[in-house]
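First the structure, in the form of structure tokens, and then the observations on it.
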Amino acid sequence: MALKSKMAKRVYFLLGAMLLGVLFNVLLVRNIKQSVLSDFQGVTFYITGKADFTSTLYYSFSTEFTPENKLFSENNTTNELYFKYPKTNVVPTSFRLDFGNNTSTSLITLDSMALVFKNSSVVIQQKQLFNHIILNSAALQLNKQERTLGFNTEANPFDPYIVFDPLIKILLDQHPLKWAALLGPFLIFIAFNLKRWSVTLKLSKVDVLFMAFIVCIPLKIAWTTFVTILICAYGIFLAIREKKFDFKNNDALLLLGFFLVLLIFGRPSSLKVIDHQLAFVLFYFIIATIKWNWNRISRFYIYFMLVLNAIIVTSGIGFLLSFHDVFGLEVSQYFFEIKTYSGNIREWLYYDHAVFLTFFGLIGVVLLKDIVNLNRENRGVVMAYHVLLLATILLVGARISLLIYGVFIINLNLKIKPKLRLASNTIVFLSILLFLFKFIGSVDQNRLGLWSVTWQAIKEKPLLGYGLGSSDQILHQEYFMKKANTVIPEILNHSHNQFLTVLLEIGFIGTSLLVILIVVYLKRTGQYKSMPMVLFIFGLCYVFLTESILQTSKPLFVLCFLFAMITKIPKSVIPNELDSQA
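In our numbering, the protein residues as written are 210 to 791.
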């Protein structure tokens, strides 16, 4: 009873942190809105170069720009353009800076922008300024990395312009309290719980290292890599000191086998090509040398993902409540164009991939089932985890994750024999795969183009593929794009389908060997009887349908960690007795 009471209190504290985060965010936006309405004077652009064009600044109250809402620069000088904003009782949303229609216009450099108020100015420096450019016309060439502008004089019509983020969003991003308003209540919640854990738990070095890895999941890949190397080094140290080496561990050997297949059939030309696949090698040593407290690490993972989803949901609710004030649109428009707007609620994360983060949370659903069986956790924790995870999936628009959630819930509540579980999941997956490939054109035109070009390339070299890391180069070859009758945008550098990406890079032979390794592993270890492992594999297969999740470092490191954690689930906590039968 005492344990349940403590868990309930943590859930209540977490909900309290969410309410405070939403309240602080809404109050901050309202404060900025009031400041704009009462004190906003205009916009100044500081430039390098000669302003030999008729500069105009359009402003809007939604997403449409009209001729009535147009400002002319009051002082075209050699280094600044000033636009005086008229007094209104409505907050403007976006601004569009036009550079005229003279094809002989000189190139300029945007150095900074100042939002001018009665008694102060908010200056946005060049780097931040270019990050706030959300759209440009075909007549203007924009390079955000180099922070340069150029004119495409062949564009017809020649109408160079750039569109900036909404005014309130720009001001909010510059506000010193922006992140404190969102994260402050959660940092207090975390600090309170850390103090309690430090008193009640005696953490080992291994516990601390694995917890540090979990904390690094939404951070930069450099941190994840660094902590993984630390864990690996510590594991090797322990193995040497205690003279206990388990290098024939089947779980570890599977990861090493993956790496060797990719090394041989991927034919990397340099270490850079195969650097993030080294995660397989690092976790081979980690699994082979370190034993850890599965219960403690799994529980920490659950609570970390619970808090992470709580912050995302808090950010999302605050964003939706302020959506009309910031963008001048109704909330329904957010969900109609969710891919356009959902990035705003994840911008506080260093690593913010919607599908990958929600998939990591989905694995928590599997672990949560086992944790509950082992520890009899309070139902409030379980309910809070599911509600927050579902809310996160809906707010970030991760459609494939919603499908995976449904598959997981059905499996977790079905008591069937292992072989029947495998067969039924395979049939469902293949049905969805065929449906998606048949109707992808009506769902996603970008993926249709990527998959078409990839398949044309696969047919040219089906057995051995083009080599690891070749996707970017192959997808943009004019020969294959012509055969597929499509053009692939430069920003897209892989197929957004892991099955096709693997076939493209290592061919049918290499891919077949990977599948054989998995089948042999499942049979030899009996892991095909484990519902958590089956759900992990099928969950990944669903992600593979729309994402090339193994092409970047972060998810590969996390997936290796999750695989290692799932293989260590104590057999005594497997929820379905039929799954433990031979």
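C-beta atoms are modelled at their ideal positions from N, C-alpha and C, and glycine is treated no differently.
Every value quoted in this text rests on a predicted model; they were computed, and no experiment measured them.
Quick check on this structure: which residue in 662, 548 and 331 has the alpha carbon closest to the alpha carbon of residue 694? Considering only alpha carbons, the answer is 662.
Given 8 Å, three or more beta-carbon pairs between the region 434 to 453 and the region 486 to 498: Taking 8 Å as the limit for Cβ pairs, the verdict is that the region 486 to 498 does touch the region 434 to 453.
How would you write the range of the alpha helix (DSSP H) that residue 251 sits in, first residue to last? Unbroken run through residue 251 is the beta strand (DSSP E), 249 to 257; no alpha helix (DSSP H).
Ends of the alpha helix (DSSP H) at residue 299? It is not in any alpha helix (DSSP H) - residue 299 carries neither H nor E in the DSSP assignment.
Is the separation between the beta-carbon of residue 470 and that of residue 677 shorter than 8 Å? Contact annotation: residue 470 and residue 677 have beta-carbon atoms that are not nearer than 8 Å.
Could you check which residue in 642, 289 and 726 has the C-alpha nearest to that of residue 799? Examination of residue 799 is not possible in this model, given that the chain is present from 210 through 791 alone.
Distance CB(residue 713)-CB(residue 683) smaller than 8 Å: When the beta-carbon positions are compared, residue 713 and residue 683 come within less than 8 Å of each other.
Distance, Cα to Cα, residue 325 vs residue 430? Whole-angstrom Cα-Cα distance: 38 Å.
Taking 7 Å as the cut-off, does the CB of residue 292 come closer than this to any heavy atom belonging to the ligand SAH? No copy of the ligand SAH appears in this structure; indeed no ligand is present at all.
Cα separation between residue 236 and residue 720? So the alpha carbons of these two residues sit roughly 54 Å apart.
Check whether the Cβ atoms of residue 297 and residue 269 lie closer than 8 Å to each other. In terms of Cβ geometry, residue 297 and residue 269 do not form a close pair [threshold 8 Å].
If we count the other Cβ atoms within 10 Å of its Cβ and call it buried at 16 or more, is residue 785 buried or exposed? Note that residue 785 scores 42 on pLDDT, short of 50, meaning its location in the model is unreliable and no value can be drawn from it.
Inter-residue Cα distance where the pair is residue 710 and residue 680: Going from the Cα of residue 710 to the Cα of residue 680 covers about 7 Å.
In whole angstroms, what is the alpha-carbon distance linking residue 795 and residue 359? Given a span of 210 to 791 for the chain in the structure shown, any question on residue 795 remains unanswerable.
Under three-state DSSP, which class holds residue 316? Residue 316: coil per DSSP, three-state reduction.
C-beta atoms of residue 391 and residue 523 nearer than 8 Å: Going by C-beta atoms, residue 391 is nearer than 8 Å to residue 523.
Taking 8 Å as the cut-off, decide whether the C-beta atoms of residue 361 and residue 350 are in contact. Contact flag set, yes.
Going by C-alpha distance, which of 765, 652 and 689 is nearest residue 669? Nearest option by C-alpha distance: 689.
Could you please give the first and the last residue of the uninterrupted alpha helix (DSSP H) stretch that includes residue 544? Residues 540 to 545.
From this set, 575, 591 and 628, which residue's C-alpha is nearest residue 619's C-alpha? Of the candidates 575, 591 and 628, 575 places its Cα closest to the Cα of residue 619.
Report back the beta-carbon spacing between residue 613 and residue 645 to the nearest angstrom; my notes put them in contact at under 8 Å. Rounded to whole angstroms, the Cβ separation of residue 613 and residue 645 is 13 Å, and the two are not in contact under 8 Å.
Going by C-alpha distance, which of 455, 555, 745 and 228 is nearest residue 569? Closest by alpha carbon: 745.
Between the C-alpha atoms of residue 363 and residue 632, what's the straight-line distance to the nearest angstrom? Approximately 58 Å between the Cα atoms of the pair.
Taking the CB atoms as reference points, tell me whether residue 673 and residue 467 lie closer together than 8 Å. No.
Use the C-beta contact count for residue 724: other C-beta atoms within 10 angstroms, 16 or more gives buried, fewer gives exposed. With fewer than 16 Cβ atoms within 10 Å of its Cβ, residue 724 is classed as exposed.
With 16 as the cutoff for other CB atoms within 10 Å, does residue 252 come out buried or exposed? Buried, by the Cβ-count rule.
With the cut-off set at 8 Å, would you say residue 554 and residue 528 are in Cβ contact? Yes.
From residue 832 to residue 477, what distance separates their C-alpha atoms? Absent from the structure is residue 832, since the part of the chain shown begins at 210 and ends at 791.
Less than 8 Å between the beta carbons of residue 792 and residue 590, yes or no? Examination of residue 792 is not possible in this model, given that the chain is present from 210 through 791 alone.
Hey, how far is the Cα of residue 727 from the Cα of residue 761? Between the C-alpha atoms of residue 727 and residue 761 there is a straight-line separation of about 21 Å.
Helix, strand or coil: how does DSSP classify residue 332 here? In this structure, DSSP gives residue 332 an extended state, which the three-state scheme calls strand.
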